[in-house]
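Have a look at the structure below before the remarks.
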Amino acid sequence: MSVEERLNDVLSRIRNAEAGANRAMGSVCLVAVSKTFDAEAIRPVIEAGQRVFGENRVQEAQGKWPELRAETPGIELHLIGPLQSNKAADAVAIFDVIETVDREKIARAVAAEIVRQNKPVRLYVQVNTGLEPQKAGIAPDETVAFVALCREMIGIPIEGLMCIPPADENPGPHFALLAKLAARCGLTKVSMGMSGDFEAAVQFGATSVRVGSAIFGTR
0 MSVEERLNDV LSRIRNAEAG ANRAMGSVCL VAVSKTFDAE AIRPVIEAGQ
50 RVFGENRVQE AQGKWPELRA ETPGIELHLI GPLQSNKAAD AVAIFDVIET
100 VDREKIARAV AAEIVRQNKP VRLYVQVNTG LEPQKAGIAP DETVAFVALC
150 REMIGIPIEG LMCIPPADEN PGPHFALLAK LAARCGLTKV SMGMSGDFEA
200 AVQFGATSVR VGSAIFGTR
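Numbering (numbering that gives the first Met the number 0), first residue to last: 0 to 218.
Dropping the structure here:
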């Protein structure tokens with residue numbers, strides 16, 4: 000299959016999952032995860048009509064997206080990897096959405112840069128639903144209070160929650176937990192689901208899914 004055929008297959012599977020969950024067609028946004036792929040590999044996906052992309056690292060995104068964005072207007076770029084506070088300025092400059100806010104230091108650094116650069120950036124809180132020590136994200140039982148802190152004390156709007164379930168567990172309970180936490184926070188956006196489980200994520204209420212290898216192939 001070509002990249003265009005793989006993209007269309009993923010989009011079709013998302014639409015079928017929406018229908019199966021009695022959700023409106025188009026209610027789930029596809030974030031095409033282009034991390035580790037160069038501009039030449041990304042261009043065909045853009046040419047096929049995809050406009051929303053995800054990257055794991057600020058520096059990698061800086062190396063390829065300014066050129067790609069100059070070629071094609073309307074690109075929306077998501078940071079889906081861990082963010083260090085010393086990269087907050089660069090992240091705010093290049094990304095439209097940061098999905099990995101997970102501690103107060105990061106929230107304050109991003110908030111300061113949003114003001115300094117006068118650039119609105121949409122923000123998600125990453126939740127470590129599996130409490131994995133090697134993985135970023137705030138603990139589930141701290142999520143509601145952290146979202147309130149971001150909104151009320153730091154003054155940044157949180158748009159939604161994001162999670163990456165443990166690789167060796169059924170993702171369903173993790174998706175259900177994230178959706179429940181989002182509802183408790185009064186949030187309507189949940190970013191969850193990847194190449195192997197995005198259809199299940201749609202069933203549990205994902206509003207965006209992050210799909211890489213099913214579109215771009217293996218890295």
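Glycine residues also receive a C-beta, built at the ideal position from the N, C-alpha and C atoms.
Assuming residue i contacts residue j under a Cβ cut-off of 8 Å, what Cβ separation, rounded to an integer in Å, is found between them?
i           : j           : result
residue 105 : residue 134 : At roughly 15 Å, the Cβ-Cβ gap does not stay under 8 Å, so residue 105 and residue 134 are not in contact.
residue 49  : residue 31  : 5 Å
residue 202 : residue 20  : 5 Å
residue 26  : residue 206 : 7 Å
residue 43  : residue 3   : 6 Å
Whose C-alpha, out of the options, is nearest the C-alpha of residue i?
i           : options            : result
residue 154 : 122, 216, 165, 173 : 122
residue 129 : 176, 97, 118, 99   : 176
residue 157 : 69, 170, 181, 203  : 181
residue 179 : 196, 208, 126      : 126
residue 115 : 191, 15, 192, 90   : 90
residue 190 : 160, 198, 166      : 160
residue 200 : 8, 3, 16           : 16
residue 188 : 66, 152, 98        : 98
residue 84  : 145, 101, 172      : 101
residue 192 : 166, 45, 185       : 166
residue 119 : 45, 75, 148        : 75
From the DSSP output, read off the bridge partner residues of residue i.
i           : result
residue 52  : 31, 76
residue 122 : 97, 157
residue 207 : 28, 190
Contact the region 110 to 117 vs the region 127 to 146: 3+ CB pairs below 8 Å: Flag = no, the region 110 to 117 and the region 127 to 146 do not touch.
Cβ contact check for the region 46 to 55 and the region 75 to 95: 3 or more pairs under 8 Å: Yes: at least three Cβ pairs fall under 8 Å.
Meets three-Cβ-pair contact criterion under 8 Å: the region 202 to 216 and the region 33 to 40: Touching, yes.
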